[in-house]
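To keep things clear, I will list the structure first and then write my remarks on it.
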Amino acid sequence: MSIAIEFIDLHFRYPGGVEAVRGVSLTVSAGERVAIVGENGAGKTTLVRHLNGILRPTSGTVLVGGASTRDRSIAQLAAQVGYVFQNPDEQLFASTIGADVEFGPRNLGCTPSEAAARAASALATVQLQDQAGLHPHHLSPSERKRVALAGVLAMQTPVVVLDEPTTGQDARGVEIVAGVVDSIAAQGRTVVAITHDMDFCAEHFDRVVVMADGLVQADGDTRAVFDQVGTLERAAVEPPQLLRLAAHLGWHARPLTPAEFVDASTREPRDPGTRVD
Amino acid sequence: MTQAQFVGTGSPVHRLNPVTKLVALLSILVIVFALPQWWVSAIVVVGVLLPAAVIARCGGPLIAVGGRILLPIVVVLVLVQGLTFPGGRTMVWQWGVLSVTSEGLLFALNVGARIVCLVLASVLLVLTTHPGDLMSALTEAGMSPKFSYIISSTLQLIPAFRSRADAILLAQQARGLAVPRNPLRRIGVMMPLLGPLVLGMFTDVEERGTAMEARGFGSTARRTALEAIPDSTAQRVARWVMPLVAVAAVVVPLVWEVL
Amino acid sequence: MSDQAPLDTRRSRTRLLVAAGAVIVVATYAYLVVAQPAGMADSGTTRAGLIAMAGYVIGAVLIAAGSIHQLPTTTIAMIPVAIAVNIVVGQLVAVLGLPVYLDSIGTVLVSVLAGPAAGVVTGILANVIWGLTLNPIPLPFAVVQVVIAVLAGTAARIGVFRRVYLPPVAGLVTGVAAAVVSAPISAFVFGGATGGGTGAIVGAFQAMGQSLLASTTLQGLLSDPLDKLITFTVVGILLAALPSRFLQRFPFAREHRVVTTAPLAPPPSPSE
Amino acid sequence: MIQLADVSYAYPDSGRFVLEHVDLRIEPGTITGVVGASGAGKTTLAKILSGFIPHVDGGQLSGSVVIGGRDLSGLPLAACVSQVGLVIQNPFNQISGARYTVRGELAFGMENLGTPRDEMANRVAEVAGLLRITDLLDRSPYELSGGQQQLVAIASMLVLRTPVLVMDEPTSQLDPAGTRMVFGVLSRLRGTGTTIVVFEHKPELLHAHADRLHVLAGRRIAASGSPGEILSDPRTDQWGVSATRYTRAARLAREQGLVPAEAPLPVSFEQAAAFFGWSARTRPPSPEDAR
């Protein structure tokens, strides 16, 4: 079961007076993998916090599965939009990992056995299945972040929002998170991720939204968006390493992954010294 | 930012050494409680506290903060003691079973005046003294620097912990937490809310302890201070005179009664 | 009170300070309750308020000054976090709409894990922070925190937190003690009017013929025991959910086996 | 100079070793990086270097830890702390909160050690200048960005002028801007003679700033070498160490026979430009490319 999400001329002003989102209209259809990038303070988190009702629009509307979020509580929206927060220590509470991951499904009304089954499969997805009996605080910080991810995956929501999933993760942790993003999308569910890791973004997201000053500056296919050097510079966003290198070598191709880069290197013209800075 | 209510107007009262102001506060409390008649408190409020507030240019905040604290207390005091004061005998007003006694009202007046004086004096100190200066001055006067660390860092941690509590609530609601209607099952909801707060506390404690040791907090060297606290001989003299006046306020009535 | 004195005289000095403080508090309470100053009945022009205030505040200051020197840096670093938790727990509890404040969970946790001395300093300074930030009224009640911390630490030492049904009992006892100890301040300093709701209850008891002190004591007995019962119960649940990694870092908790943790794993031998 | 010999350690009540037979040698005045998967024992090694293990965390430590010619296990914590400054991962907890301005926070450590007032003022000004945070001195430490707070945390250790500075994943919680700020500080510290040991994940920045890298894997030092050698080593995946996309693309090109097998793999942007620029211009890379 997958649903679309839509922002219609969304404005949001914090009580302190700062207008963090200044008119955003955006549609994400079911099954899409969208990365939202931009400097801190660009309005990324403020935007996605409207999806599960944490924030309510100052003006404009947010549709999840066609219905407005205005008249539904966070707990109700939680059945459709799973939200993985940046800091796992602000949600892990149970004395074992398994019990914590079952918290979401139990709240959605799953029977204890079904919740346990969902938790087991979610922990397997993040490769923590054999630590289910451990206390969360006996794990390393990056493993705890994966427990929090499993806690939302177990709710099997049609939309999953990830806030900085790779921050504080080591190499293996990033690979596991990447695998999760791919598997969620493969099931036809929608993934919306906020990230600063441009290489992770290039390799695992088919659409990128660049935000700055509370507005969408660019939105489209990953390859196309990362080619708009001017827009990226204004939004203080560094393009992925391989794209920067390809441009520097004067290639026409815009490779997103190492494999694409090597493939492109065989086809690019071999004229010496054509270096475009 | 700290949670303290400090209002930095830079007035002469602000520039006083915090210990002087603290000694003044304590002396006023002793005097007001040693001479428990209501007019003593009234004189202190009108003669000392209000002028000081005007000089310190924070009369407005004093009335606002003081008022918010005092209003419910004074109203309740007058009602409760007026109507039900145990020693009440001479009826002043009666309506059905309710009767207000003059002794009750006098008791409420005496106690109320003292509470007003106590609250206004403390709030004035808090409004005119930055907690950092108060702590540095007390440490210089011999208080253990561990107190100064605890109070200052707590004041600055509270805003961060408030936002952490909000974040925990949001995170659990985002996982479908809804507060059950019947109170008994609400206790079950306690763990998902308090658990992260307390568990997070231990991680902080481990890191903060390490950071404090790394900064020589456990050292037994004679501590120094980067900022000097303003002081003057006049204030040093005042810090001896005021307590003497307070002691006199306690001793004189006792001697008077004996004679 | 600088830290230069050699260790042994410092240790004896801290015990002296704490003992002196305790004696003053007990003497104050005894005088006010037992001696029941005669002039109380007329117009509140007695010195009971001064005695209550001076005795309790001086006592609390001495106990705090004595206790602080017994605490190592890691425990000192814990206190600000515990006080912040104390103050912020109310924010989360408000969501549950329970008729309690639960504003001493941090104090009890510190007493149970790091010992009564640490709990005493946490409780007293939590009161001072309250006075500096919101409202000076709780300041004279600082000594009530001493009672809560000492009882919590003692309960932990005798193993109350090893059984899930014992903490509520210890909480009840502590709540009663807190109500009794705070009554003189509430009566003689504030005339029973420390807040809107509490004042009304005191009035009701006085209307039934109780003295001011008896009324404030009874009012305290209506609210404090329930609040402390839930506080101790919650602390018991939280302790059971703590990983052994956190627990074994507190010598007091380890020494008195405050929470039954599995016997310590034997140290490994390095592989060749 | 830092010298660890056959160091093994197990946390109390854990029953298993986190580090076994670790040998490590760090030259004075250098910037050394230590890489390894999360949970490989990086924080543990950082605490051993700074004396917090065993003095604070307890547990079972064997082997010798010699810094500046003295074995830490024999010294009281106060002496260790004067030798080695430790910057922890979360700047929020490094900041004591005992003072209300950055200036006061920087002086706090020196006040505890009884440093004379004017010397404190000089050192605060000097370190603030070195780290370019002079304009933050009068602001509250709690109103800064993550990156700025981490600079304040580093400065608060630098003012104590410890010969060694250990940094445990200082940028793990920062965004790219904050990360660049912190690593930028490293290059400016090179001239001060302080020996710096950084535990981090970020390959491109380690390659740019570290003189030498050590890999922590399998509870011991699995490899040591220059950043170029370590970060292009085929075993990085097995060590749980992240390689740059340049290295990954170059390794793929080598596996597909597009470049000679012995060609050293690039780590940085410049090296990769030369490496793939070569593939376009059919010229074998010169040795100094593989710094």
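Chains as they are written, first to last, in my numbering: chain G, 2 to 278; chain Y, 83 to 341; chain F, 1279 to 1550; chain H, 9 to 299.
Built from N, CA and C at the ideal position, the CB exists for glycine as well.
- Under the 8 Å criterion on CB atoms, residue 219 (chain Y) is classed as non-interfacial with respect to chain G.
- Residue environment for residue 118 (chain Y): buried (at least 16 other C-beta atoms within 10 angstroms of its C-beta).
- For residue 1445 (chain F), no chain H residue has a Cβ inside 8 Å of its Cβ, as the nearest lies near 24 Å away.
- Look at residue 143 (chain G): its C-beta is not under 8 Å from any C-beta on chain F.
- Between residue 1420 (chain F) and residue 1386 (chain F), the C-beta gap is not smaller than 8 Å, which leaves the two residues out of contact.
- Residue environment for residue 188 (chain G): exposed (fewer than 16 other C-beta atoms within 10 angstroms of its C-beta).
- Three or more Cβ pairs closer than 8 Å define a contact, and the region 169–188 of chain Y falls short of that threshold against the region 146–154 of chain Y.
- Relative to the Cα of residue 124 (chain Y), the nearest Cα in the group Y:307, Y:323, Y:339 and Y:201 belongs to Y:201.
- Contact annotation: residue 255 (chain G) and residue 35 (chain G) have beta-carbon atoms that are not nearer than 8 Å.
- Per DSSP, residue 294 (chain Y) is not a residue of any beta strand (DSSP E); the alpha helix (DSSP H) it occupies stretches across 272–296.
- When beta bridges are read from the DSSP output, residue 78 (chain H) appears opposite H:75.
- Apart from sequence neighbours up to five positions away, the residues of its chain that approach residue 245 (chain G) with a beta-carbon distance below 8 Å are 239, ordered along the chain.
- In the structure shown, the three-state DSSP call for residue 252 (chain G) is coil.
- Within chain Y, the residues placing a beta-carbon under 7 Å from that of residue 1374 (chain F) are 261, 268, 271 and 272, ordered along the chain.
- Per DSSP, residue 1488 (chain F) lies in no alpha helix (DSSP H) segment and is marked neither H nor E.
- Ranked by Cα distance from residue 1486 (chain F), the first of Y:86, Y:169 and Y:92 is Y:169.
- In chain order, 94, 95, 96 and 136 make up the part of chain G whose C-beta sits under 9 Å from the C-beta of residue 1519 (chain F).
- Residue 248 (chain H) is positioned such that its CB atom lies no closer than 8 Å to that of residue 224 (chain G).
- Close CB contacts of residue 1403 (chain F) within its chain, under the 8 Å cut and outside five residues either way in sequence, are with 1342, 1357 and 1361 (chain order).
- For residue 6 (chain G), no Cβ of chain Y is located within less than 8 Å of the residue's own Cβ.
- Interface with chain G (8 Å Cβ-Cβ cutoff): residue 215 (chain H) is excluded.
- Of the other Cβ atoms in all chains shown, 16 or more fall within 10 Å of the Cβ of residue 198 (chain G); this residue is therefore buried.
- At a cut-off of 8 Å, the C-beta of residue 228 (chain G) has no neighbouring C-beta in chain Y.
- For residue 163 (chain G), the beta-bridge partners assigned by DSSP are G:85 and G:194.
- Put simply, the region 33–47 of chain G does not touch the region 113–129 of chain G. Fewer than three CB pairs are less than 8 Å apart.
- By the Cβ rule, the region 224–243 of chain H does not count as touching the region 58–70 of chain H, because fewer than three pairs are nearer than 8 Å.
- The beta-bridge partner set that DSSP reports for residue 13 (chain G) consists of G:22.
- At least 8 Å separates the CB of residue 253 (chain G) from every CB of chain F.
- Beyond the five residues adjoining it in sequence on each side, residue 1470 (chain F) comes within less than 8 Å, by CB distance, of 1464, 1476, 1477, 1480, 1481, 1484, 1490, 1493, 1494 and 1497 in the same chain, given in chain order.
- In the structure shown, residue 167 (chain H) adopts coil according to DSSP, grouped into three states.
- Counting only runs of 4 or more residues that sit fully inside the region 169–201 of chain H, the alpha helix (DSSP H) segments are 184–197, in chain order.
- The residue among H:155, H:281 and H:12 with its C-alpha nearest the C-alpha of residue 77 (chain H) is H:12.
- With distances taken between CA atoms, residue 277 (chain Y) lies nearest to G:138 out of G:138, G:234 and G:161.
- When the Cα atoms are used, residue 220 (chain H) and residue 195 (chain H) turn out to be separated by approximately 14 Å.
- For the C-beta of residue 340 (chain Y), not a single chain F residue is nearer than 8 Å; the gap to the nearest is close to 14 Å.
- Taking the Cα positions, residue 266 (chain H) is about 39 Å away from residue 212 (chain G).
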